[in-house]
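Residue 1 is where the sequence shown starts when you use our numbering, and the numbers rise one by one after that.
Worksheet: one structure, shown below.
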Amino acid sequence: MDFENLIQSEKECDTTDIPLFEIDISGLISRLLKGGKVSAVASRPAMGKTTLLCQIAMNACLINNINCYYFCLCQGGDYIKRKIRNQLSNLCFATDTKLMFAQHGEICIDELSSIISNEISDGVVIIDGIEQIKSPSYRRTIAVLKHIAEEKNTAIILSGCLPRLFRFLGNKNAIADKVKYLSYFDDLLLIHREPFDFDNVENADDIEIFMPESELSTPAIMEYLCGRGYYKLIADNQTPV
């Protein structure tokens, strides 16, 4: 597969640039970046999964100093690539790590596993769109990727689209019990956003982050900075250790 490095060169700090702490959500996602694990970022449609995955990719490279390989299996790969580049252009950073991007349509699990096994030696693998992986079952997909993650000591993170029933659960952490395949992941990050509220427009795009079975006892609230295209973790939020 042809990968493109979206971090072309080290970038000198400039007074007009945004400091890295603006995008720093490493405390929230540190569990997802640990080698040997397969994790998921899941939500209902259009809640912000891809935006968050882009931010996870940049955190891995710029803050955690880990190479990142981003597989875009959904539509709009060119848009996502531009989105990441636009985010990077606003940030103040200097790094030797790589953020590798590849676009692909539907892909079978055997081909995907072969690419990861043979073309990726280290770092974090992000796969945007588990629904686009052709496999006998989600369980089979996750089992194959889990074997690779353990063998290569690599972290693999996938996005998954939840049914709309997520909106109506009183305890949103219970979604893992309602959507069976989510229980096969080592870690799970759930995104929730309320329907647009015309009375509170300033908070309309803010999201809640849930991590079942973690130290995140209450949901973290993230503010979406529309003009910059990424989320900012509100300072008084709890984050898991």
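Cβ coordinates follow ideal geometry from the N, Cα and C atoms, glycine included.
Being a predicted model, the structure only gives us computed values, none of them experimental.
Considering only residues of the same chain and omitting the five flanking positions on each side of residue i, which have a CB-CB separation below 8 Å?
i: Ile243; result: Outside the modelled stretch of the chain, which goes from 1 to 241, sits residue 243, for which no answer is possible.
i: Arg61; result: Before going on, a small fix: residue 61 reads as Cys here, not Arg. Ile7, Asn67, Cys68, Thr95, Thr97, Lys98 and Leu99, listed in sequence order.
Ignore the nearest five residues each way along the sequence and tell me which others in residue i's own chain have a CB closer than 7 Å to its CB.
i: Pro219; result: Glu208, Ile209 and Phe210
i: Phe249; result: In the structure as shown, the chain begins at 1 and stops at 241. Residue 249 is therefore absent and cannot be evaluated.
i: Arg164; result: Arg44
i: Asn153; result: Gly35 and Gly36
i: Ile115; result: Met1
For residue i, which option in the options has the closest C-alpha, if you only look at C-alpha atoms?
i: Phe166; options: Lys146, Asp186, Ile156 and Ile191; result: Ile191
i: Arg82; options: Thr51, Ser159, Arg44 and Phe185; result: Thr51
i: His104; options: Asn118, Ile130 and Gly227; result: Ile130
i: Lys180; options: Arg139, Ile156 and Lys146; result: Arg139
i: Gly77; options: Val144, Ile7, Ala174 and Phe3; result: Phe3
i: Ile234; options: Asp17, Val124, Ile18 and Leu28; result: Leu28
i: Lys178; options: Ile221, Pro212 and Arg31; result: Pro212
i: Asn65; options: Ser30, Gln75 and Ile84; result: Ser30
i: Ser26; options: Ile63, Leu188, Ala174 and Ile18; result: Ile63
Count the other CB atoms within 10 Å of the CB of residue i; is the residue buried (16 or more) or exposed (fewer)?
i: Ser43; result: buried
i: Ala149; result: buried
i: Ser135; result: buried
i: Phe93; result: buried
i: Thr15; result: At Thr15 the pLDDT is 49, less than 50, meaning the model places this residue with poor confidence; the figure from the coordinates comes in the next sentence. Exposed, since its Cβ has fewer than 16 Cβ neighbours within 10 Å.
i: Asn86; result: exposed
i: Asn59; result: buried
Spell out whether any CB of chain C is found under 9 Å from the CB atom of residue i.
i: Leu188; result: Protein chains in the displayed structure number just one, and chain C is not present.
Helix, strand or coil: which one does DSSP assign to residue i?
i: Cys68; result: strand
i: Ser159; result: strand
i: Gln8; result: coil
i: Lys34; result: coil
i: Asp122; result: coil
i: Ala46; result: coil
i: Leu225; result: strand
i: Thr15; result: Because the pLDDT at Thr15 is just 49, under 50, the model does not fix this residue reliably, and the value given afterwards should be weighed accordingly. Of the three classes helix, strand and coil, the one that applies to Thr15 here is coil, per DSSP.
i: Ala94; result: coil
Between which two residues does the alpha helix (DSSP H) holding residue i run?
i: Val144; result: Tyr138 to Lys152
i: Gln87; result: Gly77 to Ser89
i: Ala102; result: Where Ala102 is concerned, there is no enclosing alpha helix (DSSP H), although the beta strand (DSSP E) it sits in stretches over Leu99 to Gln103.
Keeping to the same chain, check which residues put their C-beta closer than 6 Å to that of residue i; ignore five residues upstream and five downstream.
i: Arg193; result: Met47 and Ile207
i: Tyr230; result: Ile23, Gln55 and Gln87
i: Gln225; result: As written in the sequence, residue 225 is Leu, which differs from the Gln given in the question. Cβ within range, chain order: Lys232.
How is the beta strand (DSSP E) around residue i delimited, first residue to last?
i: Ile234; result: Looking at the DSSP string, Ile234 is not in any beta strand (DSSP E), and its letter there is neither H nor E.
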